[in-house]
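The block underneath contains the structure these notes are about, expressed in structure tokens.
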Ligand SMILES: Nc1ncnc2c1ncn2[C@@H]1O[C@H](COP(=O)(O)OP(=O)(O)OP(=O)(O)O)[C@@H](O)[C@H]1O
Ligand SMILES: [Mg+2]
């Protein structure tokens, strides 16, 4: 049960809370954990248009690495398998696709993310994944 856990990370405190929670579950079930960051950008950048300076893309890559490094620290001395992955595209679509293609058994993510607009209880990425993921999805709050 819960052999492979996917933890989407966007740099928010609730995503870090999800990473902490995933460690506990992984320790209990002997699961492997993947910390996944999606670099969100327009099709314009994807097309390699010259109008988008490469420095913009590089800084997004850099930020992605930092965000994953920060989440990795939660797994210090973790007696199991943890890895990180960066992908490009629409976060909800990508998280869902990756979870299906790689047969993840559980997704653990934050309820809100870096935008944290107070008007909604749940962010658009969490909402998308809850609707379309093929495996169980656990939504974590800061206080969990
Ligand atoms: N780019 C991303 N890469 C990986 N995981 C992400 C990404 N964006 C969001 N997530 C995951 O989704 C959770 C909820 O974030 P979400 O983006 O849905 O909320 P938000 O930022 O508060 O609102 P908004 O809908 O305005 O983005 C995060 O805690 C994180 O686990
Ligand atoms: Mg967000």
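Numbering (our numbering), first residue to last: 17 to 160. From the three backbone atoms N, C-alpha and C, an ideal C-beta is built for every residue, glycine too. The structure displayed is predicted, hence computed values, not measured ones.
Below 7 Å, is the gap between the Cβ of residue i and the nearest heavy atom of ligand 2?
i           : result
residue 160 : no
residue 129 : yes
residue 141 : yes
Cβ of residue i within 7 Å of any heavy atom in ligand 1?
i           : result
residue 88  : no
residue 52  : yes
residue 117 : no
residue 126 : yes
residue 31  : yes
residue 109 : no
residue 34  : yes
residue 133 : yes
residue 25  : yes
With 16 as the cutoff for other CB atoms within 10 Å, does residue i come out buried or exposed?
i           : result
residue 180 : Look at the range of the chain in this structure, 17 to 160, and you will see that residue 180 is not part of it.
residue 108 : buried
residue 84  : buried
residue 34  : buried
residue 97  : exposed
residue 123 : buried
residue 115 : buried
Shortest alpha-carbon distance to residue i belongs to which of the options?
i           : options              : result
residue 145 : 128, 133 and 36      : 128
residue 89  : 27, 158 and 137      : 27
residue 125 : 17, 47 and 51        : 51
residue 23  : 157, 111 and 137     : 111
residue 104 : 81, 57 and 41        : 57
residue 36  : 92, 148, 106 and 120 : 92
residue 2   : 132, 140 and 75      : Limits of the chain in this structure are 17 at one end and 160 at the other, which puts residue 2 out of reach.
residue 159 : 30, 81 and 118       : 30
residue 117 : 151, 73 and 42       : 151
Below 8 Å on the Cβ atoms is my contact criterion, and I expect residue i with residue j to pass it. Report the Cβ-Cβ distance as a whole number of Å.
i           : j           : result
residue 142 : residue 155 : 6 Å
residue 55  : residue 77  : 7 Å
residue 49  : residue 21  : 5 Å
Is residue i near ligand 3, with its Cβ less than 7 Å from a heavy atom?
i          : result
residue 28 : Ligands present in the displayed structure are limited to ligand 1 and ligand 2, and ligand 3 is not among them.
Starting from the N-terminal side, write out each stretch of the beta strand (DSSP E) that is 3 residues or longer and does not extend beyond the stretch 127-158.
153-156
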